[in-house]
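Numbering (this note's numbering), first residue to last: 544 to 845. Ideal placement from N, C-alpha and C gives every residue a C-beta, glycine not left out. Have a look at the structure below, then the notes.
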Amino acid sequence: MLRRDLLRAAAALTVAAAVSTVPPAQGKKIMTNKGQYVAVNGIELYYESHGAGTPLILLHGGLGTIDAIFGRLLPALAAKRRVIAVELQGHGHTADNGRPMTYEAMADDIAGLIAVLGLGRVDVAGYSVGGGVTLQLGLRHADKVRKLVVISAPHATDGWFPEVLAGTQAMDGEAMKGSKWHQAYEKAAPRPQDWPLLVRNVSRLMSSRYDWSDAIANGVKAPILMIGGDADSVRPAHALALFELMGGGKADGFAKGRSASRLMIVPNANHLDILDSELLPPAIEAYLESDTAMTPPFSVSS
């Protein structure tokens with residue numbers, strides 16, 4: 544019983560990414576337009592718009608809400624961009640519509656939102672479950688994305704450490720009632736009684752068997768910034784594997800040139816606190832603003 548309870552607790556911490564205890568970044572007041580819905584694919588998808596400038600779509604992790612997950616990262620990014628933060632199927636203000644929860648279906652929802660808002664080709668950043676949605680968006684809707692940022696998210700089931708998968712499978716909505724992430728859900732959800740349904744759906748989603756390696760190598764055209772923590776729930780070697788699938792890490796970049804994609808391992812960061820790292824906002828902004836075309840090999844004539 545104790546082992547089961549520990550697994551549940553570990554899974555809850557891992558999946559929900561906890562409620563950030565770090566206050567929002569200080570700075571100038573950010574223009575905010577909160578609380579809008581768009582109807583796509585039979586679901587009323589909730590989103591918020593923060594800041595002004597070039598748009599960036601921001602996707603949270605499993606069991607999370609915008610406020611609970613992105614308390615520090617969102618305002619830092621919105622200082623220079625229009626950040627469109629979305630709450631995925633069954634999460635926060637977005638009620639579940641009864642369909643199976645899949646990365647593919649949620650990616651289609653985001654594609655629908657991009658079309659309705661008339662964003663054209665847009666940058667997308669996703670964390671954990673939201674990172675999986677981001678990858679599927681790159682696979683299924685290449686014409687709608689420019690650059691992708693994938694934070695602490697695997698492209699195959701075995702990217703998670705085994706103990707994380709075991710904890711995910713053992714998650715219990717009743718046992719997690721009263722937790723900070725449950726409180727955040729109750730505060731936002733139109734049907735708070737759906738909490739056990741959300742936990743079941745996220746448990747099934749994360750423990751489902753998938754491997755998108757071949758599809759990514761052959762089908763993702765947008766460059767990707769892969770970000771992981773050195774103590775993450777996703778194996779650092781798995782983040783490297785995604786970088787290699789996108790053409791990086793295969794040869795000396797000085798002599799052979801560099802991939803258009805990038806890899807970042809954040810030191811002293813686990814799956815919970817990586818979003819609070821002060822390293823993330825400038826790294827993401829620099830990547831999105833940079834010319835990330837493939838860099839040719841060094842030449843004495845260049």
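Sequence-distant Cβ neighbours of D666 in its own chain, meaning closer than 6 angstroms and more than five residues away, are L599, R689, K690 and L831.
By the Cβ criterion, the segment 587-595 is not in contact with the segment 795-810, since fewer than three pairs of Cβ atoms, one from each stretch, lie closer than 8 angstroms.
Residue burial annotation: L806 is buried, with at least 16 other C-beta atoms found within 10 angstroms of its C-beta. Per DSSP, the unbroken beta strand (DSSP E) holding D666 starts and ends at V665 to Y670.
The criterion of a C-beta distance shorter than 7 angstroms is satisfied by N584 and G655. Here D651 is buried. Its C-beta has 16 or more other C-beta atoms within 10 Å. The Cβ atoms of L822 and L616 lie no closer than 7 angstroms to each other. Collapsing the DSSP output to three states places E828 in a helix. Membership of V659 in the alpha helix (DSSP H) is indicated by the continuous run Y646 to L660. For K723, the closest C-alpha among the options D610, V581 and L631 is that of D610. The beta carbon of A774 sits closer than 6 angstroms to the beta carbons of N813 from its chain, once the five residues preceding and following it are set aside; these are given in chain order. Fully enclosed alpha helix (DSSP H) runs of no fewer than 4 residues occupy 705-712, 723-731, 738-750 and 756-762 of the segment 693-773, in order along the chain. For L601, the enclosing beta strand (DSSP E) begins and ends at P598 to L602. Around the CB of A732, 16 or more other CB atoms lie within 10 Å, so the residue is classed as buried.
Per the coordinates, the alpha-carbon of E706 lies some 12 angstroms from the alpha-carbon of M714. C-alpha of A765 to C-alpha of A685: approximately 7 angstroms in a straight line. 7 angstroms or more divides the Cβ of Y646 from the Cβ of T700.
Taking the Cα of D639 as reference, the smallest distance to any Cα among R778, P735, A826 and A784 is reached at P735. In this chain, the alpha helix (DSSP H) harbouring P779 covers P779 to L788.
In this structure P697 is buried. Its beta-carbon is surrounded by 16 or more other beta-carbon atoms within 10 angstroms.
In the DSSP assignment, A628 falls outside any alpha helix (DSSP H) and lies within the beta strand (DSSP E) extending over R625 to E630. Contact annotation: G771 and I808 have beta-carbon atoms nearer than 7 angstroms. The beta carbons of S750 and L815 sit no closer together than 7 angstroms. Here P618 is buried. Its C-beta has 16 or more other C-beta atoms within 10 Å. Sixteen is the threshold: since fewer than 16 other Cβ atoms of the shown chains lie within 10 Å of the Cβ of V659, the residue is exposed. In this structure, DSSP gives K799 a helical state, which the three-state scheme calls helix.
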